[in-house]
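Here's the structure, in structure tokens; my notes come after.
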């Protein structure tokens, strides 16, 4: 076991049962495949069900990334 793994185990062990469940849900989301062809409304509903909350800073960062991504043109080479 690496030092990081030990630190994670110790930190998780110090959490309440409810907090440990929240950590488990978060890790499961990180390791699950990204949903394809899912509407934005459905993603928002799923985030609410999983009790995902974003800070104002995180939300602003996501909006910037979306806006920057929309300004790009993906070239398809034939």
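Residue numbers (our numbering): 85 to 162. Backbone N, C-alpha and C fix where the C-beta goes; we use that ideal spot for every residue, glycine too.
Item                                                                                                  : Value
Distance check for residue 96 and residue 89, CA to CA, integer angstroms please.                     : 10 Å
Measure the alpha-carbon distance for residue 127 versus residue 134 and round it to whole angstroms. : 10 Å
Taking just the CA atoms, how far does residue 104 sit from residue 151?                              : 35 Å
What are the boundary residues of the alpha helix (DSSP H) that residue 121 is part of?               : No alpha helix (DSSP H) contains residue 121, which DSSP labels as neither H nor E.
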